[in-house]
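Asker: Please see the structure below; I have some questions.
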Amino acid sequence: MSGWIILGAAASTAAYLFALNKRLTTPDPSARDYVAPPISDDNLAKVTIPTPRDIADAIKAHGPATGKAYVVVGGSGLVGQYIARSLLARGETLVRIIDIVEPKVAANSDAVEIDSLSRAEFVQADVADYRSISDAISKPFGDTGRTAEAVIHTVALLRSFERLGYLKDLSHRVNVKGTKNVLRASQELGTVGSFVYTSSAGIFVPPANFLRLGMLGSGEGPVFGDDVPVNAPKTTNHYITTKLEGEKAVCDADGIKGILKNPGVNPTWGGKATNSMVNAWDLGRAHLQLSDALFDRPEDVAGQPFAITGESAVYPLSELRRMLQVGHTYL
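Those letters in the sequence shown? Residues -19 to -1, 1 to 312, by mature numbering (1 follows the signal peptide of the UniProt record, and there is no 0).
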């Protein structure tokens, strides 16, 4: 009898593994709809690299400089740097970067003239320390006597080891307490009319279901849409939980505010791994556009979440590698 039990268990395990392998290697419907065709070598050879002037012209085409005083909290990080550079490229002169370390300044001489971070003011501060971040945000801009009018908050813990369960207090300290500190400092200053918060794509991506066959359940798509209930199950790791708490803090704050969700990279299962990429310059410009909208038409955008995406097509990693191999001279 025990032999039949062992044989039955082995057969069930084999059937499960076969079905699981089939689910993980069969293209998701979204992959069929959105995977881009391979790029030919000829088309790759025709790729031109935009100059700093090209980037600046493209940014200005979406709106001139506003002359407002901008503070980018976390401006030394990847997202923050492109936000600050986008502000400088469109002609803003009052730009402050707040971070715990100074940003790296581009060596490109053309970039120094147009969008180099060397033209932004840097103030060192820690978002988890209220007095530190409050002093940095409220500090007047040089001899102008003006204080911050627009705050863009991008700080988050992004290194993988900082998302581990035993470090959840660290995520909460930065992503929740830090966000509340930045909000409070902005509110108490009294001159901030636009607050943009960079959130996470993980908030609207259904929980991973790696070991289940997917034959039962609600059958959500690759991401949650506007028609999905607010209480729908979401990714449960503590990083996403703290980002959700940060969003709630922004929504509950008094005054004009905005939320910006940054998808970054969204993997899609299906034979070959694929990714939907967003250009860093587009990411920076999207933050600027929401900040501008909060001044121009707050009734339409205040308190609303927005997803930043690039092209609708997704690319296999092998194609992304070929694109990167083309090379570039300006970031």
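By construction, the Cβ of each residue, glycine as well, lies at the ideal position given by its N, Cα and C atoms. Every value quoted in this text rests on a predicted model; they were computed, and no experiment measured them.
Is Val54 closer than 8 Å to Ala65 when the C-beta atoms are compared?
Answerer: Taking the first residue of the sequence shown as 1, we reach residue 65 at position 84. Taking the first residue of the sequence shown as 1, we reach residue 54 at position 73. Judged by beta-carbon spacing, Val54 lies beyond the 8 Å limit of Ala65, meaning their Cβ atoms are not closer than that value.
Asker: What residue from Leu170, His219, Asp263 and Ile78 has the CA that sits closest to Glu102's CA?
Answerer: Stepping through the sequence shown from its first residue, residue 102 is reached at position 121. When each option's Cα is compared against that of Glu102, the closest is Ile78.
Asker: Check Ile289 in the structure and name its three-state DSSP category.
Answerer: If you number the sequence shown from 1, residue 289 lands on position 308. Three-state result, Ile289: coil.
Asker: Decide yes or no for the touch test of the segment 164 to 184 against the segment 115 to 133: beta carbon pairs closer than 8 Å, at least 3 of them.
Answerer: yes
Asker: Please classify Ile(-14): is it buried, with 16 or more other beta-carbons within 10 angstroms of its beta-carbon, or exposed?
Answerer: Within the sequence shown, the letter at position 6 stands for residue -14. Result: exposed.
Asker: Apart from the five residues just before and just after Ser(-18), which ones in its own chain have a Cβ nearer than 8 Å to its Cβ?
Answerer: Here residue -18 corresponds to residue number 2 of the sequence shown, with the count starting at 1. Within the same chain, Ser(-18) has no close Cβ partners at all.
Asker: Assign Lys224 to one of two classes, buried (16 or more other C-beta atoms within 10 Å of its C-beta) or exposed (fewer than that).
Answerer: Taking the sequence shown and counting its residues from 1, the one referred to as residue 224 is at position 243. Buried.
Asker: Ends of the beta strand (DSSP E) at Leu75?
Answerer: The count along the sequence shown starts at 1 and reaches residue 75 at position 94. Element bounds for Leu75: Leu75 to Asp80.
Asker: Return yes when the C-beta of Leu59 is under 7 Å from any heavy atom of the ligand FAD, and no when it is not.
Answerer: Absence of the ligand FAD from the depicted structure is noted, as is the absence of any ligand whatsoever, leaving it without description.
Asker: For Val295, does the count of other Cβ atoms within 10 angstroms reach 16, so buried, or fall short, so exposed?
Answerer: Walking along the sequence shown from the start, residue 295 turns up at place 314. Looking at its Cβ environment, which holds 16 or more other Cβ atoms inside 10 Å, Val295 is buried.
Asker: In the segment 85 to 162, which residue ranges form an unbroken alpha helix (DSSP H) of at least 4 residues, counting only runs that do not cross its ends?
Answerer: 90 to 95, 111 to 119 and 149 to 152
Asker: Indicate whether Thr47 and Asp281 have their beta-carbon atoms separated by less than 8 Å.
Answerer: Start at 1 with the first residue of the sequence shown, and residue 47 comes out as number 66. Start at 1 with the first residue of the sequence shown, and residue 281 comes out as number 300. No.
Asker: How far does the alpha helix (DSSP H) with Ser67 in it reach, from first residue to last?
Answerer: For the purposes of this step, residue 67 is taken as the residue at position 86 of the sequence shown. Where Ser67 is concerned, the enclosing alpha helix (DSSP H) stretches over Leu59 to Ala70.
Asker: Please classify Tyr220 as buried or exposed, where buried requires at least 16 neighbouring CB atoms within 10 angstroms.
Answerer: Here residue 220 refers to the residue found at position 239 of the sequence shown. It counts as buried.
Asker: For Ala131, which residues of its own chain have a beta-carbon under 6 Å away from its beta-carbon, when the five flanking residues on both sides are left out?
Answerer: Indexing the sequence shown from 1 puts residue 131 at position 150. Cβ within range, chain order: Lys49, Tyr51, Ser175 and Ser272.
Asker: What separation, rounded to the nearest whole angstrom, lies between the Cα atoms of Leu264 and Trp(-16)?
Answerer: Within the sequence shown, the letter at position 283 stands for residue 264. Within the sequence shown, the letter at position 4 stands for residue -16. One C-alpha to the other measures close to 59 Å.
Asker: Since Val16 is in the alpha helix (DSSP H), which residue starts that stretch and which ends it?
Answerer: Counted from its first residue, the sequence shown places residue 16 at position 35. Note, Val16: premise wrong, no alpha helix (DSSP H); not H, not E.
Asker: Please go through the same chain and pick out, in chain order, the residues whose beta-carbon is closer than 8 Å to the beta-carbon of Asn260, but skip the five residues on each side of it.
Answerer: Residue 260 sits at position 279 when you count from the first residue of the sequence shown. Around Asn260: Gly291.
Asker: Over what stretch of residues does the alpha helix (DSSP H) that includes Val231 continue unbroken?
Answerer: Your numbering for residue 231 matches position 250 in the sequence shown. From DSSP, the alpha helix (DSSP H) with Val231 extends over His219 to Asp233.
Asker: Can you pull the DSSP bridge partners for Ser175?
Answerer: By 1-based counting over the sequence shown, the position of residue 175 is 194. Per DSSP, Ala131.
Asker: I need the straight-line Cα distance from Gly61 to Thr135, nearest angstrom please.
Answerer: Locating residue 61 in the sequence shown gives position 80, where the first residue counts as 1. Locating residue 135 in the sequence shown gives position 154, where the first residue counts as 1. Distance between the alpha carbons of Gly61 and Thr135: 6 Å.
Asker: How should Val86 be labelled, buried or exposed, when 16 other C-beta atoms within 10 angstroms of its C-beta is the threshold for buried?
Answerer: Here residue 86 is taken as the residue at index 105 of the sequence shown, counted from 1. That one is exposed.
Asker: What's the call for Thr172, buried or exposed, on a 16-neighbour Cβ count within 10 Å?
Answerer: Within the sequence shown, numbered from 1, the residue matching residue 172 stands at position 191. Exposed, by the Cβ-count rule.
Asker: Can you pull the DSSP bridge partners for Ala50?
Answerer: Locating residue 50 in the sequence shown gives position 69, where the first residue counts as 1. DSSP, once it has assigned bridges, lists Leu75 as partnering Ala50.
Asker: So, at 8 Å on beta carbons, what are the nonlocal neighbours of Ala(-10) in its own chain, with the 5 sequence-adjacent residues on each side left out?
Answerer: Within the sequence shown, numbered from 1, the residue matching residue -10 stands at position 10. Answer for Ala(-10): no residue qualifies.
Asker: Should Leu138 be labelled buried (16 or more other beta-carbon atoms within 10 Å of its own) or exposed?
Answerer: Here residue 138 corresponds to residue number 157 of the sequence shown, with the count starting at 1. Buried is the call here.
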